[in-house]
Amino acid sequence: MCGIIGYIGSKKASTILLKGLKNLEYRGYDSAGIATNHATGHIEVRKSVGKIEEIARRLNFESFEGNIGIAHTRWATHGAVTDENAHPHTDCEGKIAIVHNGIIENYRELREQLISKGHRFTSDTDSEVIAHLIEENLQYGFEDACMKAFDSLEGSYAVLALKEDEDKIVGARKDSPLVLGIAEHGVFLASDIPSFLEWTNKVVYLNNYDFIIAERGGVKVYNDGKEVSRHIDTVEWNVEEAKKGEFKHFMMKEMSEQAETIMRALQQDKNTVWDIVDEIKNAFGVFFVGCGSSYHACLAGSYLFSKVAKVHVNAVLASEFENYEHFLTDRTLVFAVSQSGETADILLAVRAAKRKESRVIGITNVVGSSLTMEGHALIMMNSGPEICVLSTKTYTSQVVLMTMLAYAVAGKYEDGLEKIGGLYLEVYNLTSRTMRDSLTTLAEILCDKWDIYLIGRGLQYTTALEAALKIKEVSYLHAEAFAGGELKHGPLALIEEGTPCIVFVSSENRSKILSNAEEVKSRGGYIIGVSSEQDDLFDFWIKVPEAEELNPIVQIIPMQVLAYELAVLRGLDPDKPRNLAKSVTVI
Ligand code: F6R
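Using this note's numbering, the letters of the sequence shown map in sequence onto residues 32 to 618.
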């Protein structure tokens, strides 16, 4: 939920950290701060509430001296959004500074113990205990003090620490992401790769419980008290992919990339696909597990498996997965679907499945994320970095992977690839200027409404759910999805003169869903049809191609664009919706 970055090298740390923070801002954006180990040997900390750009200007981040530093962008979990609660946190003497991402579950006991020993706390955060724990153990030297401090933490952490007069950064990770970047001029330790991609694409994925000492001469990694060697990887992502380019917002850029990212999702190793197909066929119970948009992709997957492969799979919210634990055996197959690969609920579900000896296959976009290390097998989404907090291109990639797997299980892998591949131009056109203009007109009609309802049947119901999520999280308008057949069981009571209702139509269920739309229209509803054909019922028509099992892809893209246009019209920042973060590392 927060982002951290540290740098030690020959360049000015504050310039590098500031850029890194801007790249990490999507992980949390209520406050930020930097600490550097000053050229004169003392620690200097500046931190505040607000957006990074504005804090950096106000506190003059660029004027920091020193070429060792750590920085943090926060998404509050413990303690209000205040200057005091922003990171970095320091010990009583201001000689040690730390940044932390994760949750320290035993912080209350630790804090009480430390207070009884005379430590003075200045924030309400769980993280501050780390700085005081290091201080408490300093008689063992800085490195051992850090090791002892981290050993007493329960919960999750990626933590970086600095101490005055020490030419090094000490870090560690447990259940929160931390990657090492190796550049010619220095070393990075950060929550994700895009934060330092401008300087290097050489990365080391750190394991759980790795303890790292980064010095100018090199980096040492320890695990379980022993020095270990870790492989250096080269990542394929390029810097341009992590930049906005000509686009005003990452959201628009990422939506526009979908023709490409859909094709990239298809680029999977054939043998891996066949192995997974065998696993699905031999499993006794298959679960697709995810949160938010990833859950909607799972739900679409469950319909696709039923329709295309005639195989039953259970789509379950990761946060509800524990209720299904007694069904898990060593013959169960669990697909853990997570763009970030860091979502706490997903990782808990993975561990629950592994405890029952079930097989776990991760589907994720982030190389080196926890999910890539915790599953038994892996499918990468290949979408490139997604910076906007909302999932757009990664959602369609997840749906593509579900579709491709359903076709493969049905013995029609090549047909599936051809069908999805055939969508390239259609998908490209869905974010064209003409489409955007039409959706801006619709956004103008909808932007002052209180409520928007969305209906669909079958696969289109899953699209309605995802479209409602997109609209509400970015425009803050109330949007709610229903299965078309459910309207008459209650929701119709909500329809008044002019209430907007978005109707997702497919050739398969056209007459049924239009009859549901009629029920809304006859009570005064304003009908927005998403379909390949016009109908008299529609007050507004969004024309999309009829793509049968691929409708979830072609129908969601205009809805993503609509959500974006609503946010822009309402003066909101689509890349950083309030109260949300890209990686949800808390339960
Ligand atoms: C919606 C959105 C969230 C995520 C959810 C799961 O636009 O981005 O609902 O889908 O937080 O995140 P991942 O896929 O990273 O596990």
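Here a beta-carbon is modelled for each residue, glycine too, at the ideal position from N, C-alpha and C. Small disclaimer: the values here were computed from a predicted structure and weren't measured.
query, result
"Hey, which residues come within less than 5 Å of ligand 1, measuring from Cβ to any heavy atom, in chain order?", "C322, G323, S324, S325, S369, Q370, S371, T374, L421, S422, V615"
"Secondary structure at V234, three-state DSSP: helix, strand or coil?", "strand"
"In angstroms, rounded to a whole number, what distance separates the CA positions of G125 and T104?", "20 Å"
"Are the stretch 459 to 473 and the stretch 512 to 522 touching by the rule of at least three beta carbon pairs closer than 8 Å?", "no"
"Report yes if the CB atom of L597 is closer than 8 Å to the CB atom of L402, and no otherwise.", "no"
"Would you report the Cα separation of R139 and D157, rounded to the nearest angstrom?", "8 Å"
"To the nearest angstrom, how far is the alpha carbon of L330 from that of N610?", "25 Å"
"At what residues does the beta strand (DSSP E) containing K251 begin and finish?", "249 to 254"
"Would you please state the rounded distance, in angstroms, between the beta carbons of E75 and A66? I believe it to be under 8 Å.", "7 Å"
"In terms of residue numbering, what span does the alpha helix (DSSP H) encompassing R488 cover?", "Premise fails: R488 is in no alpha helix (DSSP H) and is neither H nor E."
"Could you check how far apart the C-beta atoms of V320 and V344 are, in whole angstroms? I think they sit under 8 Å.", "That belief does not hold up - the Cβ atoms of V320 and V344 are roughly 10 Å apart, past 8 Å."
"For the beta strand (DSSP E) containing M411, list its first residue and its last residue.", "408 to 411"
"What does G321 pair with, by DSSP beta-bridge criteria?", "L348"
"Report, in whole angstroms, the separation of the C-beta atoms of F146 and V190, which I expect to be a contact under 8 Å.", "It is worth fixing the name first, because residue 146 is Ile in this sequence and not Phe. Not quite, the Cβ-Cβ distance comes to about 21 Å (not below 8 Å), so this is no contact."
"Would DSSP call G133 helix, strand or coil?", "strand"
"Under 8 Å, do T425 and M412 count as touching if we go by C-beta distance?", "yes"
"Just checking, does the stretch 359 to 379 make contact with the stretch 392 to 400 on the three C-beta pairs under 8 Å criterion?", "yes"
"By how many angstroms is the C-alpha of V615 removed from the C-alpha of G202?", "21 Å"
"Is the separation between the beta-carbon of F569 and that of I558 shorter than 8 Å?", "yes"
"With DSSP collapsed to three states, give me the class of N68.", "strand"
"Which residues mark the beginning and the end of the alpha helix (DSSP H) in which I244 is found?", "That residue, I244, is in no alpha helix (DSSP H); its beta strand (DSSP E) goes 242 to 246."
"Taking E457 as the reference, give the member of K43, I587, G487 with the closest Cα.", "I587"
"Whose C-beta lies closer than 6 Å to the C-beta of A408 among residues of the same chain, with five residues either side of it excluded?", "I392"
"Closer than 7 Å by C-beta to G406: which residues in its own chain qualify, once you throw out the five before and the five after it? Chain order, please.", "A367, V381, V391, I392, G393"
"Put A221 into one of helix, strand or coil per three-state DSSP.", "strand"
"Pull up the CB-CB distance for N132 and S183, whole angstroms please, since I reckon it's below 8 Å.", "Rounded, the Cβ-Cβ distance is 18 Å, inconsistent with contact."
"Check whether the Cβ atoms of N137 and G186 sit closer than 8 Å, and answer yes or no.", "yes"
"State the DSSP-derived secondary structure class of T363, mapped to helix, strand or coil.", "coil"
"Decide yes or no for the touch test of the stretch 544 to 552 against the stretch 520 to 532: beta carbon pairs closer than 8 Å, at least 3 of them.", "yes"
"Using the three-state DSSP reduction, which class does P576 fall into: helix, strand or coil?", "coil"
"Quick one: what's got a C-beta closer than 8 Å to N460's C-beta in the same chain, skipping five residues either side?", "M466"
"Assuming C419 contacts F281 (C-beta within less than 8 Å), just tell me the rounded distance between them.", "4 Å"
"Which residue's Cα is closest to the Cα of L55: S45, I36, E215?", "I36"
"What residue from H509, Q491, L90 has the CA that sits closest to D479's CA?", "H509"
"How would you label H73, buried or exposed, when you count the other beta carbons within 10 angstroms and need 16 or more for buried?", "exposed"
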